[in-house]
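The block underneath contains the structure these notes are about, expressed in structure tokens.
Chains as they are written, first to last, in the UniProt record's numbering: chain A, 1 to 531; chain B, 1 to 531.
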């Protein structure tokens, strides 16, 4: 009896300490590549891994900087033990990267595909070692990310190893637009924090930072043409200079991430009037912006002229959501203007949005608008408009049926400030739901998770974004059938746990995966891989 | 009447957007320097600020690396606007640092004093520009931190400026031991995260990382002498190699921070037995460690031999808290051993602690023990013991009255996992409370805030530490009378808000200051300086 109890305890101990072993049948790359095969070998990677470049685009600093960045990530652990034994031989000593095109323009739909091969060098193998081939530098960056995720520090051998080699990966994203919205009006985010977030986006292969710069609460951005606008910032230290904005755009580009700027008009714009009170219809009617004054459109045009220089991305977000026009009607000069122009306030809302669209288009931008504009006056919207869904389901289906392009951000699933949405609902939300026609499916550019910042500042923004943004990132990157079939608790959850811990190892404050509310701290002691 | 309403609105607006202006009568350096005077000039600082070194210790890489680090912090904003106009003249172009001693050993009581002068160069001034003088490189690092806090990016001129110059600062800490405990057993913290925390400690001039490496839940550290010990880690990826530990110690030293390691014995040690089940008295009695076996002390000695090579700090923490010896009595061989040695379990607890202390002392360490050891058998404790208070008030007073040295960590105020302790209670907790005799006061080495990690992992650890750890940091550094007098809501709170936002700007996820529970997200939109 005694030895039985002892045995029982041994079993319990074993279970206690081994329950977080990996399910070896899964592939721990997030998001899951389009096509891949793996083997049964373990290869060691030289901490002095060197880069060999090829192809017309191989000379780009984007690749060299990316390689240096990933080398630091892959070899985070000191390689001190190697320096005492230089004679160690590693299986992978060289990473070859061939980039076929020397065009490094980053735009919607840029080719992000890549081929990644990892195999042991031997007489038979022509390629040998590790090899990334891509049409563009951005495809090569995606390949570098995948390569970094194959590399794992082994605590027994103290070497970085690649398990399950050889690897053959042929990968490309399902959607061209894989976004994250950051709101720097409700809470100012320092430039360094925005950079941390951009860096973390690249780990999940997200590729658009939707920068909701301004809202009713504050106007943090410098606009040289109208220098009083940033007087609407919370304080004189919670601001972005033009140089800051350039730096953010460049930092993002080095990681293959576009920055889509937004000025949300005519609602959500009260802070504009701090610097220019004329933009307010009256002191008691501070938004929507004054539709009756040409000055309003002069300012909008001036902002766009200044922003066009900073933001090379072809899409520009004009907002247009939650416009309550009641107080236009109760402001005498606006009311008179409506009478003079024979407009209802609804007409004036449409007039405002369309006039702003024209300005944006005149600057060479494709306008993006929140779905209310489509819901209210679809037939009058400029046909180039990209409709940005947020209110609920079925909107993209309606938009693409009318020939508009669409971005999916259904708030029930992809608003990250909705803390009660569990990871699997984020994961299962499908941008193509209800859209069966292939040509219509092609009008869905992708989707975006939205980090509205009423209750998220620098202290909590990263753990509100992660790990749920990663669930959306796989939905947007990976093969729909593959990630939609089977029991995702067995196929996706262990991989998401793993990716969350990877983010933690890289210094990103990703929260536990399965707590009832997002960003809740762990409920007790335990392994990252189980929380 | 109408214009009256207009005026009223104007006033409201003014208040809305100007309420976060700084109170200029305060000094926004945290922790507050011992002695300082300031003036009324504003000086601009050259983004190409150069370093001139002097003194016997001026050649140290600790200073050069520190200067490079702080230069990045001070000039976070792009200086693009300068490069187009090189002819701009700045008031401060050189920082001179003179370090008088070339001894860079970092130990308890190392001289951290410094002199910092910042004034405009002119014919009269011999010093000119910015000057730091210190006896040691660590004093110079403290001076660099203060200098960095005087520097502020001005969004109007787009230059880094120093307000209220000239500055004369003569500074040194009140206590030699200003610690933060990190618990890597309840949740594993990746090496990069520990480094982020060490970096943030240096901003508040904390100088001891108390690394509570191991506890009952997991044993993450590699111990070469007993290589199975880290089988007690949660998973094979949640571990620290010996090289990791060296790297942490070196990273901390470069910032003037000692690392005090802890092995908490004989309680809090269940995880030891995963690798060596003989350390458990029985499968049903897994802690305290088996007092009856010499093997137990062989392992302890082996751990200390290995750790002594890694941790040069003279203090080593032996734990000794919360020892429930009940199951010793119900384990037959331990019960027999107690009978043979004529010991109660209380005697055996004392025997264990004292034997461990002897081992530590034999390795050249000064033992630190949690207060239970003092509370239970003070008269038998080795007189070199440093008593670490945690249970409540008055313990340091009792300890120093008996000639022991003491570290203050009263859990009612300085346990950071107690989320309901507001910043001002952390701030007002005084290590010297009730100790009036100067010679006894000198036995209080300082204090430590403790970040127990049952409910804090990588995702929330920084915002649980900050900003409250900063409140304790000022208590430990600054003049007691200065920071204890007056209304701290007016004298300290605006400065703590400012320091919290400084941490945010530097990428540290410090939480809002005044929420009822620590680490709560902001309750609504607003400025960092008011939340």
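We treat Cβ as the ideally placed atom computed from N, Cα and C, and that holds for glycine.
{"Asked": "How about residue 269 of chain A and residue 337 of chain A: do their beta carbons lie closer than 9 Å?", "Found": "no"}
{"Asked": "For chain B, is any of its Cβ atoms less than 9 Å away from the one on residue 75 of chain A?", "Found": "no"}
{"Asked": "Select from A:183, A:102, A:237, A:153 the residue whose C-alpha is nearest the C-alpha of residue 506 of chain A.", "Found": "A:153"}
{"Asked": "At which residue ranges does the region 16-83 of chain A contain complete beta strand (DSSP E) runs of 3 or more residues, listed in the order of the chain?", "Found": "35-37, 41-54"}
{"Asked": "Given a cut-off of 9 Å, decide if residue 472 of chain A and residue 30 of chain A are closer than it, judged by their beta-carbon atoms.", "Found": "no"}
{"Asked": "If you scan the region 137-218 of chain A from start to end, which runs of the beta strand (DSSP E) of 3 or more residues do you find wholly inside it?", "Found": "151-154, 159-165, 167-171, 177-183, 208-212"}
{"Asked": "In whole angstroms, what is the alpha-carbon distance linking residue 109 of chain B and residue 177 of chain B?", "Found": "8 Å"}
{"Asked": "Using 9 Å as the limit for Cβ to Cβ distance, is residue 44 of chain A near chain B?", "Found": "no"}
{"Asked": "Comparing the C-beta of residue 61 of chain A with each C-beta of chain B, is any distance below 9 Å?", "Found": "no"}
{"Asked": "For a cutoff of 9 Å on Cβ pairs, would you count residue 532 of chain B as touching chain A?", "Found": "There is simply no residue 532 of chain B to check, as chain B begins at 1 and stops at 531 in what is shown."}
{"Asked": "Please return the same chain residues whose Cβ sits closer than 6 Å to the Cβ of residue 138 of chain B, not counting the five positions on each side in sequence.", "Found": "110, 112, 256"}
{"Asked": "Let me check one thing: in DSSP terms, what residues is residue 133 of chain A bridge-paired to?", "Found": "A:98, A:115"}
{"Asked": "Within 10 angstroms of its Cβ, does residue 96 of chain B collect 16 or more other Cβ (buried), or is it exposed?", "Found": "buried"}
{"Asked": "Between the region 482-505 of chain B and chain A, which residues of the former have CB atoms less than 8 Å from a CB of the latter, in chain order?", "Found": "501, 504, 505"}
{"Asked": "Closer than 9 Å by beta-carbon distance: list the chain A residues that pair up with residue 334 of chain B, in chain order.", "Found": "None at all; the shortest Cβ gap to chain A is about 17 Å."}
{"Asked": "Exposed or buried, what is residue 480 of chain B when buried is set at 16 or more other beta-carbons lying within 10 Å of its beta-carbon?", "Found": "exposed"}
{"Asked": "Taking only beta-carbon positions, decide if residue 457 of chain B is within less than 9 Å of chain A.", "Found": "yes"}
{"Asked": "Have a look at residue 40 of chain A and residue 166 of chain A and give me their C-alpha separation to the nearest angstrom.", "Found": "7 Å"}
{"Asked": "So, does the CB of residue 149 of chain B fall closer than 9 Å to a CB anywhere in chain A?", "Found": "no"}
{"Asked": "Given this structure, state the Cα-to-Cα distance separating residue 84 of chain B from residue 422 of chain B, to the nearest angstrom.", "Found": "Legend: pLDDT at residue 84 of chain B = 47, less than 50; position of this residue unreliable, no value from coordinates given."}
{"Asked": "In whole angstroms, what is the alpha-carbon distance linking residue 456 of chain A and residue 201 of chain A?", "Found": "17 Å"}
{"Asked": "DSSP puts residue 407 of chain B in a beta bridge; with which residues?", "Found": "B:388, B:446"}
{"Asked": "Can you grab the Cα-Cα spacing for the pair residue 148 of chain A / residue 74 of chain A, in whole Å?", "Found": "6 Å"}
{"Asked": "Tell me where the alpha helix (DSSP H) around residue 440 of chain A begins and ends.", "Found": "438-441"}
{"Asked": "Rounded C-beta distance between residue 414 of chain A and residue 447 of chain A? I'm assuming under 8 Å.", "Found": "6 Å"}
{"Asked": "Against chain B, which members of the region 250-276 of chain A pass a CB distance test of less than 7 Å?", "Found": "274"}
{"Asked": "Report the three-state DSSP secondary structure of residue 279 of chain B (helix, strand or coil).", "Found": "helix"}
{"Asked": "For the beta strand (DSSP E) containing residue 366 of chain B, list its first residue and its last residue.", "Found": "366-370"}
{"Asked": "So for residue 461 of chain A, helix, strand or coil by DSSP?", "Found": "helix"}
{"Asked": "Does any CB atom of chain A fall closer than 9 Å to the CB of residue 292 of chain B?", "Found": "no"}
{"Asked": "With a floor of 3 residues, list each beta strand (DSSP E) that falls wholly inside the region 223-265 of chain B, ordered by position along the chain.", "Found": "258-262"}
{"Asked": "Measuring alpha carbon to alpha carbon, tell me which residue in A:401, A:429, A:372 is nearest residue 412 of chain A.", "Found": "A:429"}
{"Asked": "Consult DSSP for residue 300 of chain B and reduce its assignment to one of helix, strand or coil.", "Found": "helix"}
{"Asked": "With distances taken Cα to Cα, identify the nearest neighbour of residue 157 of chain B among B:179, B:89, B:70.", "Found": "B:89"}
{"Asked": "Drop a sphere of 10 angstroms on the beta-carbon of residue 567 of chain A, count the other beta-carbons inside from all chains shown, and report buried for 16 or more, exposed for fewer.", "Found": "This structure leaves residue 567 of chain A out entirely; chain A is present only between 1 and 531."}
{"Asked": "Is the separation between the beta-carbon of residue 267 of chain A and that of residue 217 of chain A shorter than 9 Å?", "Found": "no"}
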